[in-house]
Amino acid sequence: MQKIFLTGLFIFLMSASSAFASIEVISLLETQGKGDPALLIGATDKMKEKYLPDGKLNSQILAFYVKIPGREILFDTGLPNGNISKRLSENGIKPEDVKIILLTHLHPDHFGGLVADGKAAYPNAEVYVSKIERDYWVNELKNENVIKALGLYEKKLHLFEFNDEVFDGVKAIDASGHTPGHTVFDIKADGEELLIVGDIMHFVDIQLSVPDVSVKYDVDPDKARETRKKILNYAAENNVKIAGMHITPPGVIKVKKNETGYEKF
Ligand SMILES: [Zn+2]
Numbered sequence: 013m014q015k016i017f018l019t020g021l022f023i024f025l026m027s028a029s030s031a032f033a034s035i036e037v038i039s040l041l042e043t044q045g046k047g048d049p050a051l052l053i054g055a056t057d058k059m060k061e062k063y064l065p066d067g068k069l070n071s072q073i074l075a076f077y078v079k080i081p082g083r084e085i086l087f088d089t090g091l092p093n094g095n096i097s098k099r100l101s102e103n104g105i106k107p108e109d110v111k112i113i114l115l116t117h118l119h120p121d122h123f124g125g126l127v128a129d130g131k132a133a134y135p136n137a138e139v140y141v142s143k144i145e146r147d148y149w150v151n152e153l154k155n156e157n158v159i160k161a162l163g164l165y166e167k168k169l170h171l172f173e174f175n176d177e178v179f180d181g182v183k184a185i186d187a188s189g190h191t192p193g194h195t196v197f198d199i200k201a202d203g204e205e206l207l208i209v210g211d212i213m214h215f216v217d218i219q220l221s222v223p224d225v226s227v228k229y230d231v232d233p234d235k236a237r238e239t240r241k242k243i244l245n246y247a248a249e250n251n252v253k254i255a256g257m258h259i260t261p262p263g264v265i266k267v268k269k270n271e272t273g274y275e276k277f
């Protein structure tokens, strides 16, 4: 049994492989809203009419707290002074209980929640991020917000390379394109598998059906497109659930191929 929780709303999904949950996912909703279709790259008017009936993009920000045997991990942290720590509390998890944070990349809606009132929001957490990603934001762009946030965790900051097994059963997959060090985490436990896919998609209503559509947030839209197709193809072929920070809540879906791209089921 694999359990997926959304802030108090409990959803149970059967898994054929095990009678007990080996991978338990708590979905943490930061915000929901509407976005401007001008953010899309490569979407025709016809596509917009078909996939965006109200002419707007549905947008949301999530983080995930995942329990695997022997370990609990917070994947991304939402916005600065945002709602993720509140959502954790609603699930009985205090900020000091969070011991491990894995970051998919260093955009503000993913690392921002590391900081609360100018201090480390998770005082006992070790923070892990791709070395390429850290170097890009800190050394190349000299982004002050990133420098400040990571600085609060200085002695507890760990850098990994693509293909590293960050922990037993948690592998860092190269998902670059959205940002240079954008990482997908492949979690495996007792025959179950879950991909934390970060920002391979921002607007599932259109990008799942037409994975060729990219967004202006992508540092390298062409590479982001290739990555999106690679990850979705893997998930569909292997029947693996994906959890995405901008997928419609609870943000965990299975995908299968259709004529234009993919659909959830
Ligand atoms: Zn994002």
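Per the working numbering, residue 13 is the first one in the sequence shown, and the count goes up by one each step.
Virtual Cβ for every residue (Gly too), placed ideally from N, Cα, C.
A check of alpha carbon separations from Val231 across Lys241, Val222, His119, Gly124 identifies His119 as the nearest. Glu205 is the residue among Glu205, Thr195, Gly193 whose C-alpha sits nearest the C-alpha of Gly181. Residue environment: Phe172 is assigned as buried (16 or more neighbouring CB atoms within 10 Å of its CB, all protein chains considered).
The shortest C-alpha to C-alpha distance from Leu52 to any of Ile218, Pro192, Tyr148 is the one to Ile218.
Rounded to the nearest whole angstrom, the CA to CA distance from Thr272 to Pro192 is 28 Å.
One alpha carbon belongs to His190, the other to Glu42, and they sit about 20 Å apart. At a cut-off of 7 Å, the beta-carbon of Asp121 counts as near ligand 1: some heavy atom of the ligand is closer than that.
For Asp202, the closest alpha carbon among the candidates Gln44, Asp48, Ala55, Gly82 is that of Gly82. Within the segment 89-156, the complete alpha helix (DSSP H) runs of at least 4 residues fall at 96-102, 120-123, 143-146. Between the alpha carbons of Gln44 and Lys143 lies a gap of roughly 30 Å.
Of the candidates Tyr63, Glu61, Pro92, Ile96, Ile96 places its Cα closest to the Cα of Leu74. When Cβ pairs closer than 8 Å are counted between the two stretches, the segment 206-214 is seen not to touch the segment 123-130, the count staying below three. With fewer than 16 neighbouring CB atoms inside 10 Å of its own CB, Ala50 falls in the exposed class.
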